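Data first, discussion second: the structure below is written as C-alpha cells.
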Amino acid sequence: MTAALSVDGVEVIFDRFRALKGVSLEVREGESYGLVGESGSGKSTLLRAIAGLAPIASGSITVNGKTLGKKRDKGFYREVQMVFQDPYGSLHPRQTVDRLLQEPLAIHGFADGEKRIERALDEVGLGNGFRFRYAHQLSGGQRQRVAIARALILEPSILLLDEPTSALDASVQAEVLNLLEEVRRRRKLTFLMVSHDLAIITHMCERLMVMQNGEAVETLTASQLIGHRVSEDYTRNLLRASEGFVRA
Amino acid sequence: MSAQSKGPLLDVDDLRVTFPTRTGLVQAVRGVTFSLGRERLGIVGESGSGKSQTGRAIMGLTAPQAEVSAKKLSFDGIDLLSMPSRQRRALRGNRIAMILQDPKYSLDPVMSIGRQIVETLRTHERVSRAEARERALAMLEAVQIRDPKRVFDLHPHEVSGGMGQRAMIAMMLIAGPELMIADEPTSALDVTVQLDVLNILDRLVAERGMGLIFISHDLRLVSSFCDRVIVMYAGKVVEQLKASELRDARHPYTRGLLNCMPRIGFERHPLPVLDRKPEWAA
Numbered sequence: 141m142t143a144a145l146s147v148d149g150v151e152v153i154f155d156r157f158r159a160l161k162g163v164s165l166e167v168r169e170g171e172s173y174g175l176v177g178e179s180g181s182g183k184s185t186l187l188r189a190i191a192g193l194a195p196i197a198s199g200s201i202t203v204n205g206k207t208l209g210k211k212r213d214k215g216f217y218r219e220v221q222m223v224f225q226d227p228y229g230s231l232h233p234r235q236t237v238d239r240l241l242q243e244p245l246a247i248h249g250f251a252d253g254e255k256r257i258e259r260a261l262d263e264v265g266l267g268n269g270f271r272f273r274y275a276h277q278l279s280g281g282q283r284q285r286v287a288i289a290r291a292l293i294l295e296p297s298i299l300l301l302d303e304p305t306s307a308l309d310a311s312v313q314a315e316v317l318n319l320l321e322e323v324r325r326r327r328k329l330t331f332l333m334v335s336h337d338l339a340i341i342t343h344m345c346e347r348l349m350v351m352q353n354g355e356a357v358e359t360l361t362a363s364q365l366i367g368h369r370v371s372e373d374y375t376r377n378l379l380r381a382s383e384g385f386v387r388a
Numbered sequence: 023m024s025a026q027s028k029g030p031l032l033d034v035d036d037l038r039v040t041f042p043t044r045t046g047l048v049q050a051v052r053g054v055t056f057s058l059g060r061e062r063l064g065i066v067g068e069s070g071s072g073k074s075q076t077g078r079a080i081m082g083l084t085a086p087q088a089e090v091s092a093k094k095l096s097f098d099g100i101d102l103l104s105m106p107s108r109q110r111r112a113l114r115g116n117r118i119a120m121i122l123q124d125p126k127y128s129l130d131p132v133m134s135i136g137r138q139i140v141e142t143l144r145t146h147e148r149v150s151r152a153e154a155r156e157r158a159l160a161m162l163e164a165v166q167i168r169d170p171k172r173v174f175d176l177h178p179h180e181v182s183g184g185m186g187q188r189a190m191i192a193m194m195l196i197a198g199p200e201l202m203i204a205d206e207p208t209s210a211l212d213v214t215v216q217l218d219v220l221n222i223l224d225r226l227v228a229e230r231g232m233g234l235i236f237i238s239h240d241l242r243l244v245s246s247f248c249d250r251v252i253v254m255y256a257g258k259v260v261e262q263l264k265a266s267e268l269r270d271a272r273h274p275y276t277r278g279l280l281n282c283m284p285r286i287g288f289e290r291h292p293l294p295v296l297d298r299k300p301e302w303a304a
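Quick mapping for you: the protein sequence lines, in order, are chains A and B.
Take the first sequence: its position 216, counting from 1, is numbered 356 in our numbering, and each next residue is one higher.
Take the second sequence: its position 23, counting from 1, is numbered 45 in our numbering, and each next residue is one higher.
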C-alpha cells in the first residue's frame, strides 16, 4: 500500500509557542485515519498545517508522493479538501449555495459547472431545490452538507475533516457521519479526521493517533482501542471519561 | 433558610414561552408540566426543543419581548409569575441559581474571579468585606481549586475552562441556593475535565440538599447523573422517566436519540437515524 499522506516531524510554532512538537504519521491510500485529543493537543493544528493554514517551522509533508513546498499550489487543493467544524462560520453568509459551489470550480477552471453542482448537491442528499438558498435559510445539518458538497465538487482524493459534527445535534450527527462514510466508500476517498470524541473516531476510522500537548501519545488501531488494549495512561483516562459519569 | 413547606420545591404547570417574530408568534415552550423536590432532574432535548427556555423562564431570564404564561409556576409555594420584579431579583442568585454553559462568556471579563464571588455574596447577605473574602476563598476550596488565594485574584481569561466553570459553580453556590439550574454546565469542557466538574457538582448538590435541574443535549450523560429525566421535543415534554429506566424508554424520539450516538464497541454501519414524525410535535 502506498501512503496517500505522510507527515514527517512537523513542527508548528505560533510566536514562541510550540503548538506541534514534531509529529509524524502516515495515512494509506483509501484509509480513514483519526486524530483524537483534548483542546490544545494540536490535533486541529496538524490538520491546518497540512492544508497550509498554519506556519510550519520544520518537517515535511508528502501528498500522493509529492513533497509539499512552502506554498500550496492549485494541484494540491484539487487533491486535498477540508471540511470545518462550524458550518455557521465556514459558509459565506451573503452567497447562495450555487455561488458557494461555483467558486472552487471557477478557480480551477472547470467548464461543466452546471452539471457538477447538480451532482454534488445530489450526492450530499440536498437536491436542486437548495441551490439558490442562503446559508441562514438552512439548518446546521444542511449547512454541513453544503460544506461537504463544496469539498467534493473538485473530486479530491483526500478529505481533511476537522470535528465535522461537533456543532450538530446527535440525530443530525448520525446523518452526516453516514453521509461521510457513504461518499468515502463510493469515491474511495482517504480521510484524516479530527475529533475529541473517541466513539466517533472508532466508528469512522481504522487507525488513530492520540495527541496531547502537541505530541503524539500513541498510535492505535480502532480495534485495539475498542478492546482497551492501550499502553498509555492518558489514553486510558480518555477511554474512562468517554464512558460517562459514574457516581463515586 | 426558608420555611419548610410540605409541597414540592418547584411546581410548573402548563408553562408556555411565546416569542413574537416577523412571521407571527412562535411558541418555544408549549405547555411543560413537572414538579421538582430536592432531587436531580434532567431536561434533555436537541437544539430548539425549548429546554433552555424552560430553565430561563423558571429563573426569570426570558428575553423581554417574549411572553411567559403558566397555570402555575411556583417556587417553595411562592407564585413566581405574579411576583414584582424587585422581589424576583432578590430571589435570583440567592435561593435560585443558574450555571451557564461557557465560563468564557458568562463570567465578567474585567473583574477578578474573587471579586465576582464576593459581589454575589454581598448582594444577598449583609457581611463584612473580610468575611465575604473568607467565605469566597472557602467556596473556591470547596470546588477543589488547589490554590484559592491565587485564583481569587485572577481574571477569567487567565484560567482554563474547567477552572472557570468551577469558579462559576462557587459563585452560584455561595449564597446557598435551594434550587440550582445548570444549563449545559460541562458542554464546553474537555471530557476528562467534564467528569471532575460533574463530581464536584454532584457532591455539593448532595451535601447541601439542593434541587437540581440539569439541562443538556446529552441523554446518556444526564441519565448517568440525574434521578429523573424529562425528554423535550419541539417545546413539549414527550417522555418523563426515571434515569435508571432509560433503557425501557417508550417514545420513539427518546429511543432514537439513545440509538443514534456512536458507541465504543458497538459497531453499526450506517448509524440508525431519527425518522421524525410530525405527530411528535403535535
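Heads up, the beta-carbon is just placed ideally off N, CA and C, and yes, glycines get one too.
Fair warning: this is a prediction, and the values are worked out from it, not measured in the lab.
Short check: CB of B/A158 to CB of B/L143, under 8 Å?
Contact flag set, yes.
Which residues in chain B sit within 9 Å of A/A381, going by Cβ to Cβ distance?
The contacting residues are D212, V213, T214, V215, Q216 and L217.
Can you grab the Cα-Cα spacing for the pair B/L83 / B/V90, in whole Å?
Distance between the alpha carbons of B/L83 and B/V90: 10 Å.
Do you know whose CA, among B/S128, B/E289 and B/E301, lies nearest B/E206's CA?
Closest option to B/E206, Cα to Cα, is B/S128.
Tell me which residues of the region 228-240 of chain A have at least one Cβ-Cβ distance to chain B shorter than 8 Å, keeping chain order.
Of all residues in the region 228-240 of chain A, none has a Cβ within less than 8 Å of some Cβ in chain B.
Is B/V215 helix, strand or coil when you go by DSSP?
Correct three-state label for B/V215: helix.
In whole angstroms, give me the CA-to-CA distance for B/S74 and A/G209.
Looking at the two C-alpha atoms, the distance is approximately 49 Å.
Rounded C-beta distance between B/I100 and B/I203? I'm assuming under 8 Å.
Contact flag wrong, Cβ pair sits at about 16 Å.
Please report the Cβ distance between B/I252 and B/L63, rounded to the nearest whole angstrom; I am assuming they are in contact, meaning their Cβ atoms lie under 8 Å.
Going by Cβ atoms, the distance from B/I252 to B/L63 rounds to 7 Å, so yes, they are a contact pair.
Apply the 10 Å Cβ neighbour rule to A/G205 and answer buried if 16 or more other Cβ atoms are within range, or exposed otherwise.
By the 10 Å Cβ count, A/G205 comes out exposed.
Could you check which residue in A/L165, A/S179 and A/D226 has the C-alpha nearest to that of A/Q352?
Minimum Cα distance to A/Q352 is reached at A/S179.
Mapping the DSSP letters down to three states, classify B/P42 as helix, strand or coil.
Reduced to three states, the DSSP call for B/P42 is strand.
Looking at C-alpha atoms only, which residue of B/P30, B/P284 and B/Q49 is the closest neighbour of A/D309?
It is B/P284 whose Cα lies nearest to the Cα of A/D309.
Counting along the chain, where does the alpha helix (DSSP H) carrying A/S184 start and finish?
Note, A/S184: alpha helix (DSSP H), K183 to A191.
Please classify A/F224: does DSSP put it in a helix, a strand, or coil?
Residue state, collapsed to three classes: coil.
Quick one: residues in its chain with C-beta nearer than 8 Å to the C-beta of B/A119, no 5 flanking neighbours on either side, listed in chain order?
Same-chain partners within the cutoff: M194, L195, A197, P199, L201, M202 and I203.
Going by the C-beta, is A/H248 closer than 7 Å to any heavy atom of the ligand MG?
Only the bare structure without any ligand can be found here, which leaves the ligand MG out of the picture.
In this structure, how does DSSP classify B/G67 when only helix, strand and coil are distinguished?
Residue state, collapsed to three classes: coil.
Quick check: is the beta carbon of A/H336 nearer than 8 Å to any beta carbon in chain D?
Here the protein chains are A and B, and chain D is not one of them.
Just checking, does the region 373-381 of chain A make contact with the region 195-202 of chain A on the three C-beta pairs under 8 Å criterion?
Result no; under three Cβ-Cβ pairs closer than 8 Å.
Report yes or no: is there a C-beta of chain A within less than 8 Å of the C-beta of B/D205?
B/D205 does not count as touching chain A.
Check whether the region 295-307 of chain A and the region 270-277 of chain A touch, using three or more Cβ-Cβ pairs below 8 Å as the test.
No, the region 295-307 of chain A does not touch the region 270-277 of chain A.
Please state if the CB of B/L211 and the CB of B/V219 are separated by a distance shorter than 8 Å.
Yes, the pair counts as a contact, with Cβ atoms nearer than the cut-off.
Give the residues from the region 296-315 of chain A that approach chain B closer than 7 Å (Cβ to any Cβ), ordered along the chain.
So the close ones are D309, A310, S311, A314 and E315.
Which residues in the same chain as A/F216 place their Cβ atom closer than 7 Å to its Cβ, once the five residues preceding and following it in sequence are excluded?
Here the set comprises V203 and L208.
Could you tell me the distance, in whole angstroms, from the CA atom of B/A25 to the CA atom of B/E229?
Low per-residue confidence applies at B/A25: pLDDT is 47, beneath 50, and the placement is therefore not dependable, though the value from the model is reported in the following sentence. Roughly 19 Å between the two C-alpha positions.
Please list the partners that B/R242 has in chain A, where partner means a Cβ-to-Cβ separation under 7 Å.
Per Cβ cutoff of 7 Å: G384.
Would you report the Cα separation of B/E292 and A/N318, rounded to the nearest angstrom?
Rather than Glu, the amino acid found at residue 292 of chain B in this sequence is Pro. So the two alpha carbons sit approximately 6 Å from each other.
Starting from the C-beta of B/M23, find all residues in its chain whose C-beta is less than 6 Å away, skip the five residues before and the five after it, and write them out in chain order.
At B/M23, the pLDDT of 45 sits below 50, so the modelled position is not reliable and the matter cannot be decided from this model.
Leaving aside the five residues before and after A/L187 along the sequence, list all residues of the same chain whose C-beta is less than 6 Å from its C-beta, in chain order.
Closer than 6 Å at Cβ, skipping near neighbours: L300, D302 and V334.
Please name the residues in the region 252-286 of chain B whose beta-carbon is closer than 7 Å to at least one beta-carbon of chain A, in chain order.
So the list reads G278, L279, C282, M283, P284, R285 and I286, given in the order they occur along the chain.
With a CB to CB cut of under 7 Å and the five nearest residues on each side skipped, what residues in its chain are close to B/V244?
These residues qualify, in order along the chain: G64, V66, F236, S238 and V251.
Does any C-beta atom of chain B lie closer than 8 Å to the C-beta of A/L360?
It does not; no Cβ of chain B falls within 8 Å.
Please classify A/L193: is it buried, with 16 or more other beta-carbons within 10 angstroms of its beta-carbon, or exposed?
Exposed.
Name, please, each residue of chain B whose Cβ falls closer than 9 Å to the Cβ of A/N318.
The answer, in chain order, is H291, P292, L293 and V295.
Could you tell me whether any Cβ in chain A is nearer than 8 Å to the Cβ of B/G33?
The sequence shown places Asp at residue 33 of chain B, not Gly. Not one chain A Cβ lies under 8 Å of B/D33.
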